[in-house]
Amino acid sequence: MTVRHPCRSDFPALLREFDGQTISYLDNAATTLKPRPVIQAVTEYYETNGANIHRGKHRLSEEASDAYEAARVVIARHLGAAANEVVLVRNTTEALNLVAAGLDLPPDAYVVGCLDAHHSQMLPWRRAGRLEMARVDAHGRIDREHFRALLRGRPRVVALTHCSNVTGVVHPVAELVAEVRAACDAVIVLDAAQSLPHRRVDVQELDVDFMAFSMHKMLGPTGVGVLFGRSAQLARLRPLSVGGGMVDWVDLDGSVDRRIPYTFEAGTPAIASIIGSAAAVRYLEAQDTPQQHQHAEELCAALVGGAVTRPGVRLIGPPDTTDRIALASLRLDDRIPTGEVARLLSDSYGCMVRSGHMCAQPLVSGTAGGEVLRVSAYLYNDVAEIEGFYQALDELLSWIAPVAATGEKLS
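Rendered as structure tokens:
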């Protein structure tokens, strides 16, 4: 009998069955499932309150405002930040765009990024200035010599990725930040969307100026992004949006913006989802144990080990478990339609994985030469699920490969 992770029962979605088969949800790098405490927090807001925040003087509005701001405090403490250094937005993409546009850089501003960046950490900087990308090696680890060479150009901004959503590599951000500080006076912007779900990050220790992430990748609801910014750096930003909620006064001659962080939070926010995000952070903190860390290492070893020993599959990323999360991107034979394999894994085996370029097309195209199949595990998964995925993949490839070799389409 397969022993499931004890927290699995906290996730109602995992109780679903397709054609009598339980789900193996292995698409966690895209978004994670939601535990009951998060669902309950969202539901409670809608059942018992539902009012808007900040501008109302009645009791329901004040209760909702208090819960909303309490959630901000929970998130801030999780990062080692002050509450007024946390801006609540819709997603990582909006957070990074807020910084890229808000710094109001000259069109030719020199920006250093990294080739393994998600499109959301690449395209805003390409629009804001002149972006140069640090190379990565064959396993997806940053080329430190090339990075240092780019820093000698004295960039205005350095846009770092903490963890790649393609290779699973966790970059040595503290070391990279130290090199930036020694080389130039750049603003350092960190994309932590893939790292924060797996490990605590102290923004004071990392010494970054801005950090962005999304709650939906760490057990929280969709529609909530977080931007940490040092107070002095936030004060430099021009708001991306203007309107209700971010002003204290408006008359025919002008307006007075609210103080940070509210000046960046125009309009009605995702109140229920932000309250639910606090429940997600508390749940994650309760899971932050040595046993869970060991479990994560076992998941990572199962993913990597299953790929490096398997014919017909090429692992994109390091062939070891050092400094990486439990994520494996697999390149199949050029003649095998990766998207069709992902669909068949879902429909025939209940394995939910992702296919495509992972919103990191320059990296995937350069290292894999085409679409990949990405398998990403999280705290509610177990090694048996990963072994089951590889068995299902073997079975599918055993009959797809001969058909693909003839040039026929799969029916």
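Take 9 as the starting number for the sequence shown in our numbering and just add one per residue. Glycine residues also receive a C-beta, built at the ideal position from the N, C-alpha and C atoms.
Residue i - partner residues in DSSP beta bridges
| i | result |
| --- | --- |
| R362 | R382 |
| Y33 | M360 |
| M219 | L198 and F236 |
| V177 | R332 |
| E25 | T30 |
Residues near residue i by beta carbon distance below 7 Å, same chain, minus five either side
| i | result |
| --- | --- |
| V188 | L159, V166, A194 and I196 |
| D112 | R246 |
| L204 | F221 and M226 |
| V178 | H170, C171, S203, D331, R332 and I333 |
| A385 | L34, N36, L307, L311, A334 and I394 |
| V91 | A small correction: the amino acid at residue 91 is Ala; Val does not occupy that position in the sequence shown. Once the five neighbours on either side are set aside, the close Cβ partners of A91 are R80, V81 and A84. |
| N173 | A37, H126, Q202, M366 and A368 |
| R266 | M254, V255 and D256 |
| R24 | I31 |
| V97 | A103, L106, G233 and L235 |
Distance between residue j and residue i (C-alpha atoms, nearest Å)
| i | j | result |
| --- | --- | --- |
| H86 | L123 | 29 Å |
| T271 | L106 | 12 Å |
| A182 | V216 | 9 Å |
| A287 | S263 | 36 Å |
| M9 | A392 | For M9, the predicted structure reports a pLDDT of 43, less than 50, and the residue's modelled location is therefore unreliable. The matter cannot be settled from this model. |
| E348 | D402 | 14 Å |
| A190 | V120 | 15 Å |
| V95 | E273 | 7 Å |
| Q295 | L340 | 35 Å |
| V255 | Y398 | 54 Å |
| E77 | I282 | 9 Å |
| G374 | I61 | 47 Å |
| G199 | L352 | In the sequence as displayed, the identity of residue 199 is Asp instead of Gly. Looking at the two C-alpha atoms, the distance is approximately 33 Å. |
| G228 | V234 | 12 Å |
| D27 | I279 | 37 Å |
| G364 | T346 | 8 Å |
| H337 | A75 | Residue 337 is actually Ser in this sequence, not His. Roughly 39 Å separates the two Cα atoms. |
Close beta carbons around residue i, own chain, < 8 Å, minus the five adjacent residues each side
| i | result |
| --- | --- |
| A243 | I268 |
| T39 | H224, K225 and T230 |
| E213 | G88 and A182 |
Where the alpha helix (DSSP H) through residue i begins and ends
| i | result |
| --- | --- |
| A84 | R67 to L87 |
| R189 | V181 to A191 |
| L371 | Q369 to T375 |
| P45 | R44 to T56 |
| L214 | V211 to L214 |
Element boundaries [beta strand (DSSP E), containing residue i]
| i | result |
| --- | --- |
| V321 | V321 to I324 |
| V289 | Where V289 is concerned, there is no enclosing beta strand (DSSP E), although the alpha helix (DSSP H) it sits in stretches over I279 to A294. |
Neighbourhood of residue i by C-beta distance below 6 Å, restricted to the same chain and skipping five residues each side
| i | result |
| --- | --- |
| H303 | none |
| R458 | The chain is shown only over 9 to 419; residue 458 falls outside these bounds and no answer can be derived. |
| L405 | G320 |
| F155 | A142 |
Next on the checklist: As an exercise, report each continuous beta strand (DSSP E) stretch of at least 3 residues that is fully enclosed by the region 91 to 172, in chain order.
Outcome noted: 94 to 97, 118 to 122, 138 to 142 and 165 to 169
Checklist entry - What are the start and end residues of each continuous alpha helix (DSSP H) run of 4 or more residues lying completely inside the region 297 to 340, in chain order? => result 298 to 316
Checklist entry - Which ranges would you report for the alpha helix (DSSP H) in the region 227 to 267 if only whole runs of at least 4 residues count? => result 239 to 242
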